[in-house]
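Numbering (the working numbering), first residue to last: 258 to 399.
C-beta atoms are modelled at their ideal positions from N, C-alpha and C, and glycine is treated no differently.
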Amino acid sequence: MGHSHGGKNGTGFQSGEQLLAQKNNIEVLIEFLYVKDAKVPLRRTIDNANTFSHIGLIVPDILAAQATFEAFGATILKRVGMNPVEGDPAGDDVAVAFGLSEVRASSNETAAAPTGIAGFGFTQFIIVADPDGNLIEVQQQY
């Protein structure tokens with residue numbers, strides 16, 4: 258994690274110029290927000306219409322990332338080399354997150370979907386769920 262919210266230079270203050278320089282020189286920075294004792298329960302992003310369906314990460318080694326997710330007991334909905342499976346709840350969540358649920362409703366589009374999915378490298382992605390069920394797409398860095 259970065260220190261982009263002030264104070265890394267020891268003064269408790271960083272100028273906008275310093276923050277920008279730091280941000281632009283970081284390989285990876287992800288900001289996670291945790292709302293302790295939230296009064297309103299948060300819904301999974303895939304349960305909300307017209308919002309973000311998932312976030313994406315790029316990793317240097319996709320198989321090492323998959324092994325790490327497995328070692329830590331993460332919920333892996335799609336492993337490298339797999340496509341979402343129709344009728345499987347995990348596959349259904351992935352289909353909704355990637356806009357494929359409508360494709361499944363049409364037999365013509367369903368027949369064409371595997372070719373389209375393979376065309377953009379989907380079989381090489383990992384899809385994991387965070388503890389709240391939000392989806393994270395993980396891709397290999399090239």
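C-beta contact flag for Ala-386 and Thr-332 at 7 Å: yes
Cα-Cα separation between Asn-313 and Ile-383, rounded to whole angstroms: Here residue 313 is Gly; the residue named in the question, Asn, does not match the sequence. When rounded, the distance between both Cα atoms is 10 Å.
Is Gly-330 helix, strand or coil by DSSP? coil
Of the listed residues Gln-275, Gly-273, Asp-318, nearest to Gln-381 (C-alpha basis): Asp-318
What does Val-351 pair with, by DSSP beta-bridge criteria? Partner(s): none; Val-351 has no beta bridge.
Is the Cβ of Ile-384 closer than 7 Å to any Cβ of chain B? As a matter of chain content, chain B is missing from the structure shown, which is built from one protein chain.
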